[in-house]
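The block underneath contains the structure these notes are about, expressed in structure tokens.
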Amino acid sequence: MTRARLLLLLVMGCLIGAFFALDLGHYLSLSQLQARQESLALWVDRHFVAASLLFLVIYVLSTALSLPGASLLTLAGSAVFGVAWGLLLVSFASSLGATLAFLSARFLLRDWVSARFGDKLATFQTGMAKDGPFYLLSLRLIPLFPFFLVNLLMGLTPIRVSTYYWVSQLGMLPGTFVYVLAGSELATLTSTGNILSPGLVAALTLLGLMPWLMRGLQRRLALRRLHAPYQKPIRYDYNLVVIGAGAGGLVTSYIAAAVKAKVALIEKHKMGGDCLNTGCVPSKALIRAARFAAEQRKAGELGFSPSRSEADFAAVMARVARVIREVEPHDSVERYQGLGVECIEGAARLVSPWEVDVNGRRLTTRHVVIATGARPLVPELPGLGDVPYLTSDSLWQLRTPPRRLLVLGGGPIGCELAQSFALLGIPVTLVELADQLLPREEREVAEALRLQMERDGVTLLTGWRAERAQYQAIEDGLPIRLHLRRGDETQVIEGDQLLLALGRVANVSGFGLEDLGVTLAPRGTVAVDGFLATNYPSILAVGDVAGPYQFTHFAAHQAWYAAVNALFGQLKRFRADYRVIPAATYTSPEIARVGLNRKEAEGQGIAFEATRFDLAELDRAIADGEREGFVEVLTVPGKDKILGVTIVGTHAGERIAEFVLAMRHKLGLGKILATLHAYPTLMEGNKYVAGEWKRAHQPTRILALLARYHNWRRGA
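In the working numbering, the protein residues as written are 91 to 806.
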């Protein structure tokens, strides 16, 4: 604890101790006030300004220290100063005192509470950041809540000080006014307990709830206006209709069918969506072929004569197509119909919050889940319209290897594909606007990838902006030109194929969202609340179309919440939990991450300790010849609580799972260290980084005592 905190506690303790030691509470009784009313009023008349300031200071201190007697001071205010001036003094003094108590609680306790219970209070803090003034106003208006407790609890929230002050002054005014009026009849009072009658308490409580009642009524009226153009069906064909059969749509419909709901799944193209047909599955099949090519380069290291067979590009791409066909049955119409899902092929269109038109057939449903995914981003680049470019959707139709592939974009997709093509023997040039690959990762991670990609034959141009594309058919030449700029420098690069890998944009148009007026988020995705509902409660969205992450596993994660909230939301709704979301980039070296990295922690001002274990020290990595990489864990300073993990190296995507499990179930590094890991495995790296943390936090005093004990046992 800092000296400032200790000093504040000392001052507060002395003031509170003096109050009770000097029995100052004796003067704050109804009988004492009634007995001294005339003399106090006479002294106030003679020294009005001094008396007002003294009363203000006493009231502020009493409230700030949460001392008993605030109600008596309020009565005294009107009894000796009159109703108008007494109300003014008490109103400002109580608000100032409450704000001081609020600031004290924030200064003394907020950091400690956040460090200890931050994850448990995350939802509460988010709600306070959004609706804090409404909560505070209600608490201030309802006299059943002790004000000292309100000051304490609100100090732990992110509510602004200025907001706290004016809301407190407004909220406490009705109750203050009641007590001030009672103080004007001080001589007739027999007890302070009957000032607030049950009826008055009920009235103030209703007044406190009024902002929320009005807000709820406003929402109902807005929803009523939103639904006004549409006729709600009396009966429904389905409990749930899902639009889009990618990862999010498949899992949503699977869960709905599993709980015996009647569900329809509509897909206009191919079951499995992007992940099966153009994303995860084909890219990993390509990466496997590229990895084999890389392994051949290590023949000499492993004791074989150097050999390097030439890749048959057409055969590699044919295998990619074959892998897709082999995985297809997992996401097929036959499988899902067998699970109880009605699969419909066609283009869906929302015609009302409860109706979907497909193939001229109108389906009525209680809820709709939008799972339409995303598509590759095509930039507004001059001349691009004349270039027959590729994207991660169309790349898989290639059967002839490019003579030189140009890749625009150095994110995960661009890096994975560029490295794979280079390992297959194709010259590749990758252009990235940022000054490093994988801009979201730490520079050291990006640098490790850059070095390996350059060794694999990729020409990397980071920090360059593409200003213009040009296409000109040249016999035996490279027809595509990209004009680049970096500051005052310019250059032109040439190729015969251009791959756009600049991210993905949500598919939000063409199926009725615009006509209904479904709200979109600033990033172009469908705007959803914490329960994945849109501005229409009957319409939900999951996956790439909703965000905030564009991972297959994240879409499946959201799908559970969407299905359960749609089917059982009238009984219980579940807020989607995004706290522990892993991500992996399947380059060489592989990069996997969960939680915070250094860049994010520093950017958010979160204190951390970093512990690292290099794979060069891991027995299995040495045996496999895969020594490059590391495991880095960020923890709360002085504790083994995991804030985030980054793994760089072979099979990082597999090895991150143990840390995901630990973070999800709030297990620290001590639990990982205590877990038996098979030897020799790459997973031991997870245990060894926990051991590094433990070594850095050894109980030095206890170890010193143990050394003395063992010396004594030896007679030394």
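Don't be surprised by glycine CBs; every beta carbon is placed ideally from N, CA and C.
Coil, strand or helix - residue i by DSSP
i: Arg452; result: strand
i: Ser503; result: Correcting the residue identity first, residue 503 is Ile in this sequence and not Ser. Three-state DSSP puts Ile503 in a helix.
i: Gly585; result: strand
i: Thr624; result: coil
i: Tyr561; result: strand
i: Glu385; result: helix
i: His359; result: coil
i: Gln549; result: Checking the sequence, you will find Thr at residue 549 rather than Gln. Of the three classes helix, strand and coil, the one that applies to Thr549 here is strand, per DSSP.
i: Leu246; result: coil
i: Val635; result: helix
i: Ala556; result: strand
i: Val836; result: Coverage of the chain is limited to positions 91 through 806, which leaves residue 836 absent and any answer about it impossible.
i: Thr368; result: coil
i: Glu432; result: strand
i: Val268; result: helix
i: Val598; result: coil
i: Ile570; result: strand
i: Ala318; result: coil
i: Val203; result: helix
i: Val349; result: coil
i: Ala666; result: coil
i: Ala354; result: strand
i: Asp224; result: The residue you asked about is not Asp; residue 224 is Phe in the sequence shown. Residue state, collapsed to three classes: helix.
i: Phe237; result: helix
Own chain partners of residue i with C-beta closer than 7 Å, once the 5 adjacent residues on each side are dropped
i: Ala697; result: Pro727
i: Val417; result: Leu366, Val371
i: Ala337; result: Gly363, Cys365, Gly633, Thr642, Ala645, Ala646
i: Met361; result: Ala335, Asp421, Ser422, Val423
i: Leu503; result: A small correction: the amino acid at residue 503 is Ile; Leu does not occupy that position in the sequence shown. Same-chain partners within the cutoff: Ser482, Ala591.
Unbroken beta strand (DSSP E) run spanning residue i, endpoints
i: Tyr426; result: Segment 423-428 is the alpha helix (DSSP H) holding Tyr426; no beta strand (DSSP E) there.
i: Ile681; result: 681-685
i: Val332; result: 328-333
i: Ser33; result: Since the first residue of the chain shown is 91 and the last is 806, residue 33 is not available in this structure.
i: Thr675; result: 673-675
Opposing strand residues paired with residue i [DSSP bridges]
i: Asp704; result: Phe720
i: Leu496; result: Thr519, Leu588
i: Glu604; result: Looking at the DSSP assignment, Glu604 forms no beta bridge with any residue, so it has no partner.
i: Glu699; result: Thr725
i: Thr580; result: Arg575
i: Leu630; result: Val459, Ala623
i: Val446; result: Leu440, Leu453
i: Pro466; result: Arg594
i: Leu610; result: Val616
i: Leu480; result: Leu589
6 Å CB neighbourhood of residue i in its chain, flanking five on each side removed
i: Tyr651; result: Leu622, Phe664, Ala666
i: Gly758; result: Asp730, Lys731
i: Ala682; result: Ala674, Ile737, Ala742, Gly743, Ile746
i: Thr609; result: Ala617, Asn625
i: Arg555; result: Leu523, Arg575
i: Pro517; result: Arg494
i: Lys352; result: Tyr328, Asn329
i: Phe749; result: Val684, Val735
i: Val448; result: Ile356, Ile434, Gly436, Ala438
i: Gly553; result: Asp525, Arg576
The alpha helix (DSSP H) enclosing residue i, as first and last residue numbers
i: Thr462; result: Counting along the chain, Thr462 falls outside any alpha helix (DSSP H), and DSSP gives it neither H nor E.
i: Ile792; result: 790-803
i: Ala411; result: 403-417
i: Glu690; result: 688-693
i: Ala652; result: 642-658
i: Asp709; result: 709-714
Short CB-CB distance (under 8 Å) between residue i and chain C
i: Glu557; result: Chain labels in this structure do not include chain C; a single protein chain is all it has.
Cutoff 8 Å; reference residue i; Cβ partners in own chain excluding five residues on either side
i: Glu532; result: Asn687, Arg688, Lys689, Thr736
i: Leu514; result: Ala379, Ala380, Ala383, Ala401, Phe403, Val406, Pro491
i: Trp133; result: Ala141
i: Glu128; result: none
(request) Quick one: which unbroken alpha helix (DSSP H) runs of 4-plus residues sit fully inside the segment 719-778? Chain order, please. (result) 742-745, 747-754, 759-763
(message) What ranges does the alpha helix (DSSP H) occupy inside the segment 110-186, keeping only unbroken runs of at least 4 residues that lie completely in it?
(response) 120-136, 138-154, 160-171
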